[in-house]
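Notes follow once the structure below has been shown.
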């Protein structure tokens, strides 16, 4: 009788007829119910997504089945979908430990342990606990038993490292993943992001050019062009930047924009385009920024400052405060610049963003008012940050050397 009943339950389970299993077991006399049937009942409740009833049913046989791997797995399953991940972890771990020789059961437990640690990591990340989020992500990697699992857990960890500005760690993992395949678009762009944040523009260009050879999606091609424009601008190769800006314009049907303006020979042309855009979009922060950056980089600080103020009034974005600080420094209004830059710096800190830009500018400003100690303080802060992130390039080395000379001149002047 019991054997026939279990065979029927198995057939119904294969047909996903879980409610029929519940009805069948619950109509049985109490004296016929044993831990095996109650376990099947708890499983069926889980399968119709009544996890609370499933958990209650399974917990009723804990004294008898607490050291059974299947029971622990089912209880962990209930807790997992009830989003009680700490308890889910406890029972999945026990199921994993109780089945050292059953590869299928261990793999199942591993899949849910990975899911549990990933969920815990995301929760900690949302709560702003970066160290705990990374700790859980590292834990999830331990239970990857095949290549797919290793790639998924590694990528999740790398994404977290990027989020928390641990770019060198993210780079190492992502390069390892991409060594196996260069056609992994999502992972490629994650790597490009961390290289970009480390200001490794030459390598970004190399990766993106390779991506263009295989990319077929129009949207992604446009995105790649926009990144190439920015990278070539950062490297001072304005002709290349213009080449890709034109390609970007052809693909995206956009105004001739931001990066084109960095070629001093073409400034007036770009300003003309920006003026037309502002006439059409009178309250668009993007176009205020486009024109503002061009004017800032060509030394027209008063005009640039006015545009960044307008942009900031519309969006309250800390980037515009930073640009206002640069303009004020250019106008030698150091006290005003310091006030604005400190405000921008605090916004960056609150967003867990880097403050290198503000710190370099503050160092310049404090040189301007003759405060060598604060100039040195902010120079040291900026230098330490870019060095730790592996972002210390030739451009920044020149900037650091220039600030050091400024501080040295203060020493000579004050002595």
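Numbering (the working numbering), first residue to last: 229 to 643. For glycine and all other residues, C-beta sits at the position ideal for the given N, C-alpha and C.
- What do you get for residue 473, buried or exposed, if any count of 16 or more other CB atoms within 10 angstroms of its CB means buried? Residue 473 comes out buried.
- Taking 8 Å as the threshold, find out whether the segment 556-574 comes into contact with the segment 590-600 through three or more Cβ pairs. These segments touch.
- Message: Along the chain, where does the alpha helix (DSSP H) containing residue 558 start, and where does it finish?
- Response: First-last of the alpha helix (DSSP H) with residue 558: 546-558.
- Message: Tell me the rounded alpha-carbon separation between residue 348 and residue 316.
- Response: The straight-line gap from Cα to Cα measures roughly 11 Å.
- Along the alpha helix (DSSP H) that carries residue 346, what are the first and last residues, could you check? Secondary structure note for residue 346: its alpha helix (DSSP H) is the uninterrupted segment 331-354.
- residue 566 and residue 546: beta carbons closer than 9 Å? Contact flag unset, no.
- Task: Might you give, ordered along the chain, the residues of its own chain that have their beta carbon closer than 6 Å to the beta carbon of residue 523, omitting 5 neighbours on each side?
- Result: For residue 523, where only same-chain residues beyond five positions count, the Cβ hits under 6 Å are 531 and 532.
- Item | Three-state secondary structure (DSSP) of residue 505 | Confidence at residue 505 is low in this model, with a pLDDT of 46, below 50, so the placement of that residue should be treated as unreliable; the coordinate-derived value is given next. Three-state DSSP puts residue 505 in a helix.
- Can you say whether residue 237 is buried or exposed, counting buried as having 16 or more other CB atoms within 10 angstroms of its CB? By the neighbour-count criterion, in which a residue is buried when 16 or more other Cβ atoms sit within 10 angstroms of its Cβ, residue 237 is buried.
- Message: Excluding the 5 residues flanking residue 490 on each side, which residues of the same chain have their C-beta closer than 7 Å to its C-beta?
- Response: Residue placement at residue 490 is poorly supported in this model, since its pLDDT is 46, which falls under 50; the coordinates are not used for a value here.
- Item | Counted within 10 angstroms of its Cβ, other Cβ atoms place residue 313 as buried (16 or more) or exposed | With a 10 Å radius around the Cβ and a threshold of 16 neighbouring Cβ atoms, residue 313 comes out buried.
- Could you tell me the distance, in whole angstroms, from the CA atom of residue 324 to the CA atom of residue 345? The alpha-carbon atoms of residue 324 and residue 345 are separated by roughly 14 Å.
- Within the same chain, show all residues whose beta-carbon is closer than 8 Å to that of residue 510, passing over the 5 residues directly before and after it, in chain order. With a pLDDT of 46 at residue 510, under the threshold of 50, the predicted position of this residue should be treated as unreliable, though the coordinate-derived value follows. Nothing listed; no residue qualifies.
- Task: Figure out for me which residue from 413, 463, 428 and 425 has the closest Cα to the Cα of residue 451.
- Result: Comparing Cα positions, the closest option is 413.
- Task: Run the CB neighbour count on residue 382, radius 10 Å, all protein chains shown included, and call it buried at 16 or more, exposed below.
- Result: Per the 10 Å Cβ criterion, buried.
- Task: Evaluate residue 270 with the Cβ neighbour count: other Cβ atoms within 10 Å of its Cβ, from every protein chain shown; 16 or more gives buried, anything less gives exposed.
- Result: So residue 270 ends up on the buried side.
- Query: Which residues in the same chain have their Cβ closer than 8 Å to the Cβ of residue 365, if we skip the five residues on either side of it in sequence?
  - Reply: For residue 365, the CB contacts under 8 Å within the same chain, skipping 5 residues up- and downstream, are 345, 346, 349, 381, 384, 385 and 388 in chain order.
- Task: Please state whether DSSP places residue 412 in a helix, a strand or coil.
- Result: Three-state DSSP puts residue 412 in coil, outside helix and strand.
- Message: Is the beta carbon of residue 436 closer than 9 Å to that of residue 463?
- Response: In this structure, residue 436 does not lie closer than 9 Å to residue 463 by Cβ.
- DSSP three-state call for residue 608: helix, strand or coil? Residue 608: helix per DSSP, three-state reduction.
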